[in-house]
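In full-length UniProt numbering, the protein residues as written are 1 to 287. Yeah, the Cβ is synthetic: ideal placement off N, Cα and C, and Gly gets one too. Just so it is clear, the structure is predicted and the values come from calculations on it, not from any experiment.
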């Protein structure tokens, strides 16, 4: 819908109505359509990468804390600094890895969409400025969907202790990605405009003025369309993904606790460590 609106071939609502009608009339053909498969691939790749990286980082932290506790060589005063440094490193790793995967998948999708639904007078290839704008949009989407909600929820809980951390997390997971679209939407639309209308015959000032007017005309429609896509995909989907992932992780930890078959001393130490880990997880979730 956004691509067709930017190209001027459809209005936003006409494009949405046409797609909805096709989905109702022939849902099988709609699901098998390249346009749908490209969009589904972006979500699948993004969630798979984010979940995998989070799991890897959590396992790495658990193994590291286990080794430090066994060796007893680290100073207690440095423990909080180590945790803060590790958390920052993990956040950057998750953001970088997920952004790369999301950007590659999104650029493939956007290039295909631009050629499928763009205008005949569009640029023969996607300009670098368009790809740069789309990459910026993707970084904002990933950060607002997988990193910022957790930090926002912690801030809300600290400012308003009466709000449970888990409730703050759900609210942030739903609202933060949506609010980000008021900035990410125009960035995507500007990238499409550079592709559909190179404006090489205009001066820099004239082209900038023309594009500013274009953004003003399309702001409401592009933000509306992106919210309609992001709200279920990264809002509701993000809340459910977090709940399912945390629940499955706790299930595996509890299963490992039951399966510990070692000598009494080591078994007690391992059991205590795992119980403590689960307790910290539940305390973190419940606020």
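Q.
Checking 7 Å against the spacing of the C-beta atoms, do residue 226 and residue 181 come in under that value?
A. yes
Q | Classification of residue 129 by the beta-carbon crowding that lies within 10 angstroms, buried from 16 upward | A | exposed
Q. How big is the Cα-Cα spacing for residue 196 and residue 111?
A. 12 Å
Q | Exposure of residue 59, with buried meaning 16 or more beta-carbon neighbours within 10 Å | A | exposed
Q. CA-CA distance, residue 14 and residue 222?
A. 14 Å
Q.
Using 8 Å as the cut-off, can you tell me whether the region 136 to 153 makes contact with the region 165 to 185, which would need three or more C-beta pairs spanning the two stretches below that distance?
A. yes
Q.
My assumption, with CB atoms under 8 Å, is that residue 233 sits in contact with residue 43. Please give the rounded CB distance.
A. 6 Å
(Q) Mapping the DSSP letters down to three states, classify residue 163 as helix, strand or coil. (A) coil
Q.
How far does the alpha helix (DSSP H) with residue 129 in it extend, from its first residue to its last?
A. 128 to 142
Q: Could you check if residue 98 is buried or exposed, using at least 16 other CB atoms within 10 Å of its CB as the buried criterion?
A: buried
Q. CB-CB under 7 Å to residue 126, same chain, minus the five flanking residues each way: which ones, in chain order?
A. 111, 114 and 195
Q. Which word fits residue 141, buried or exposed, when buried means at least 16 other C-beta atoms lie within 10 angstroms of its C-beta?
A. buried
Q. Roughly how many whole angstroms lie between the Cα atoms of residue 189 and residue 224?
A. 12 Å
Q.
My assumption, with CB atoms under 8 Å, is that residue 45 sits in contact with residue 101. Please give the rounded CB distance.
A. 5 Å
(Q) Can you give me the C-alpha to C-alpha distance between residue 251 and residue 235, rounded to a whole angstrom? (A) 24 Å
Q | Pick from 132, 56, 241 and 21 that is closest to residue 187, judged by C-alpha positions | A | 132
Q. Which residue spans inside the region 12 to 62 form an unbroken alpha helix (DSSP H) run of at least 4?
A. 12 to 25 and 27 to 32
Q. With burial defined as no fewer than 16 other Cβ atoms inside 10 Å of the residue's Cβ, what is the status of residue 29: buried or exposed?
A. exposed
Q. With DSSP run on the structure shown, which of helix, strand or coil describes residue 170?
A. helix
**Q.** Extent of the continuous alpha helix (DSSP H) to which residue 125 belongs
**A.** Unbroken run through residue 125: none, as it is neither H nor E.
Q. Relative to the C-alpha of residue 137, which residue among 157, 103 and 150 is closest?
A. 103
Q | residue 207 beta carbon less than 7 Å from that of residue 199 | A | yes
Q.
For a test of the three-state rule: what should DSSP assign to residue 241, helix, strand or coil?
A. helix
Q. Which term fits residue 153, buried or exposed, when burial requires 16 or more other beta carbons within 10 angstroms of its beta carbon?
A. buried
Q. In this structure, does DSSP put residue 203 in helix, strand or coil?
A. coil
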